[in-house]
Amino acid sequence: MGFLPDPLRMGPSVALWLDLDSQGTEHAQSQQLWCPPKPGEFKFNVDASFDTNSRVVTAAVVWRDSKVQLWDGCTRKFKASSSLVAKATASKDGLLLAKAIKPRCSVFETDSLILFNRLKDPSSSPWEINVIVRSLS
């Protein structure tokens, strides 16, 4: 597991990290240990599962501190046109939770290289997530 050395800054106290394996590829399955944030920081982990047949998504957000204590979280089901839309919507859910909670310093973690790159450069977003990405910027 590794992180891009330069996180995407999404405000004065929020950073988005991309979680990749040692070859720099996105994780198809989570078979890794969760890494806690630095002391005094909080981490929001966001993910979504997408069923291509039914188009049903289950999205989850988990908020933990450096001691691995669970502070909050949420899950929801909805329909989406693709797994990318599912992950983008889950990321939006995580940011909405963070805005409601207003923690001192937060790190968001995603395993989607496509979403991470689109958040870095919203002008290059595919049409299907353009509205979601622009609302996160």
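Final position of the sequence shown in the UniProt record's numbering is 137; the numbers increase by one with none missing.
For glycine and all other residues, C-beta sits at the position ideal for the given N, C-alpha and C.
Per-residue DSSP class, three states only, for ASP51: The count along the sequence shown starts at 1 and reaches residue 51 at position 51. Coil.
Alpha helix (DSSP H) segment containing SER83, residue limits: For the purposes of this step, residue 83 is taken as residue 83 along the sequence shown, with counting starting at 1. Here the alpha helix (DSSP H) through SER83 covers 83-101.
Counting only the same chain and skipping the five closest in sequence on each side, list residues whose C-beta sits under 8 Å from that of LEU70. For the purposes of this step, residue 70 is identified with residue 70 of the sequence shown, where counting begins at 1. Contacts found: VAL62, TRP63 and ARG64.
Give the straight-line distance between the Cα atoms of GLN23 and THR75, rounded to the nearest whole angstrom. The residue you call residue 23 lines up with position 23 of the sequence shown. The residue you call residue 75 lines up with position 75 of the sequence shown. Because the pLDDT of GLN23 is 42, which lies under 50, any placement of that residue in the model is unreliable, and the question is left without a value.
If you drop the 5 nearest sequence neighbours on each side, which residues of the same chain put their C-beta closer than 7 Å to that of VAL56? Walking along the sequence shown from the start, residue 56 turns up at place 56. For VAL56, same chain residues with a beta-carbon under 7 Å away, outside a window of 5 residues either side, are LYS77 and LYS79 in chain order.
Nearest-angstrom Cα separation, counted from VAL133 out to VAL107: Counting from 1 along the sequence shown, the entry for residue 107 is found at position 107. Counting from 1 along the sequence shown, the entry for residue 133 is found at position 133. C-alpha separation (whole angstroms): 17 Å.
The beta strand (DSSP E) that contains SER106, what's its start and end? If you number the sequence shown from 1, residue 106 lands on position 106. 106-110 is the extent of the beta strand (DSSP E) around SER106.
Going by C-alpha distance, which of LYS99, ALA48 and VAL68 is nearest PRO39? Position 39 of the sequence shown, counted from the start, is the residue given in the question as residue 39. Of LYS99, ALA48 and VAL68, the smallest CA-CA separation from PRO39 is found for VAL68.
What residue does the beta strand (DSSP E) around LYS77 start on, and which one ends it? Against the sequence shown, residue 77 aligns to sequence position 77. According to the DSSP assignment, LYS77 belongs to the beta strand (DSSP E) that extends over 70-79.
Exposed or buried, which one is SER54 when buried takes at least 16 other CB atoms within 10 Å? Taking the first residue of the sequence shown as position 1, residue 54 is located at position 54. Around the beta carbon of SER54, a 10 Å sphere encloses fewer than 16 other beta carbons of the protein chains shown; the residue is thus reported as exposed.
Short check: CB of SER83 to CB of PHE50, under 9 Å? What you label residue 83 is simply residue 83 of the sequence shown in a count that begins at 1. What you label residue 50 is simply residue 50 of the sequence shown in a count that begins at 1. In this structure, the beta-carbon distance from SER83 to PHE50 falls below 9 Å.
Can you say whether LYS92 is buried or exposed, counting buried as having 16 or more other CB atoms within 10 angstroms of its CB? The residue given as residue 92 occupies position 92 in the sequence shown. With 16 or more other Cβ atoms from the protein chains shown falling within 10 Å of its own Cβ, LYS92 counts as buried.
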